[in-house]
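A.B. asks: Take this structure first; my questions come after.
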Amino acid sequence: MTGWIETAFNELAQKKTVGLNDRPGGNTKEPGSITVDRIHIIRYPTLYDYISNGCELTVSVAIDFTMSNGDPADPNSLHYIQPDGSLNQYEQAMIGVGEILVEYDQDKKIAVYGFGGIVAGHSGASHCFPL
Numbered sequence: 001m002t003g004w005i006e007t008a009f010n011e012l013a014q015k016k017t018v019g020l021n022d023r024p025g026g027n028t029k030e031p032g033s034i035t036v037d038r039i040h041i042i043r044y045p046t047l048y049d050y051i052s053n054g055c056e057l058t059v060s061v062a063i064d065f066t067m068s069n070g071d072p073a074d075p076n077s078l079h080y081i082q083p084d085g086s087l088n089q090y091e092q093a094m095i096g097v098g099e100i101l102v103e104y105d106q107d108k109k110i111a112v113y114g115f116g117g118i119v120a121g122h123s124g125a126s127h128c129f130p131l
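Read in the UniProt record's numbering, the sequence shown has 29 at position 29, and its numbers run on one by one without any break.
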């Protein structure tokens, strides 16, 4: 059996057997079919499910101080600090997600940590430090 299929869940549930299409460039006369013996639906909880059932969120953010993303003074760096004060993509993402999540945080405070930086008074890089 060599082939492919593009289908919807309902089609598989109703037809039970669906024919496969031949792969591009293939020369298979009958690529085969897929038969569904049973369907078991697994529902994964959403953020809403957790919150509506009493789960409390604590929002925290970690900032990467390693040089893997480049020098913040380099305009090509993902950590670039804009001279005009506009936000880089990381800052925009943290604010965008943070503004939504903090609404579900019990104390409305965001813990901020850093990693990969050298903390004052220490000689090596720290893997986690409060900011």
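For each residue, glycine too, the CB sits at the ideal point set by N, CA and C.
If you reduce the DSSP assignment to three classes, tell me which class N69 lands in.
C.D. replies: Locating residue 69 in the sequence shown gives position 69, counting from the first residue. In the structure shown, N69 sits in a helix (DSSP, three-state: H, G or I).
A.B. asks: Exposed or buried, what is H40 when buried is set at 16 or more other beta-carbons lying within 10 Å of its beta-carbon?
C.D. replies: Position 40 of the sequence shown, counted from the first residue, corresponds to residue 40. H40 comes out exposed.
A.B. asks: Looking only at DSSP bridge pairs, what is G19 linked to?
C.D. replies: Counting from 1 along the sequence shown, the entry for residue 19 is found at position 19. In DSSP, G19 forms a bridge with S33.
A.B. asks: Return the bridge partner residues of V112 from the DSSP annotation.
C.D. replies: Here the question's residue 112 lines up with position 112 in the sequence shown. V112 pairs with V61.
A.B. asks: Does DSSP classify A125 as helix, strand or coil?
C.D. replies: For the purposes of this step, residue 125 is taken as the residue at position 125 of the sequence shown. It is a strand residue.
A.B. asks: What are the boundary residues of the alpha helix (DSSP H) that includes G98?
C.D. replies: Looking up residue 98 in the sequence shown gives position 98. From DSSP, the alpha helix (DSSP H) with G98 extends over Q89 to L101.
A.B. asks: Taking the alpha-carbon of G117 as reference, which of D71, I81 and V102 has the nearest alpha-carbon?
C.D. replies: As a first step, residue 117 must be located in the sequence shown, where it is residue number 117. When only C-alpha atoms are compared, the closest one is D71.
A.B. asks: Per DSSP, D105 is paired with what?
C.D. replies: For the purposes of this step, residue 105 is identified with residue 105 of the sequence shown, where counting begins at 1. Paired residue(s): L57.
A.B. asks: Ignore the nearest five residues each way along the sequence and tell me which others in G121's own chain have a CB closer than 6 Å to its CB.
C.D. replies: Along the sequence shown, read from residue 1 onward, the residue named residue 121 stands at position 121. Cβ neighbours of G121 beyond the five flanking positions: none.
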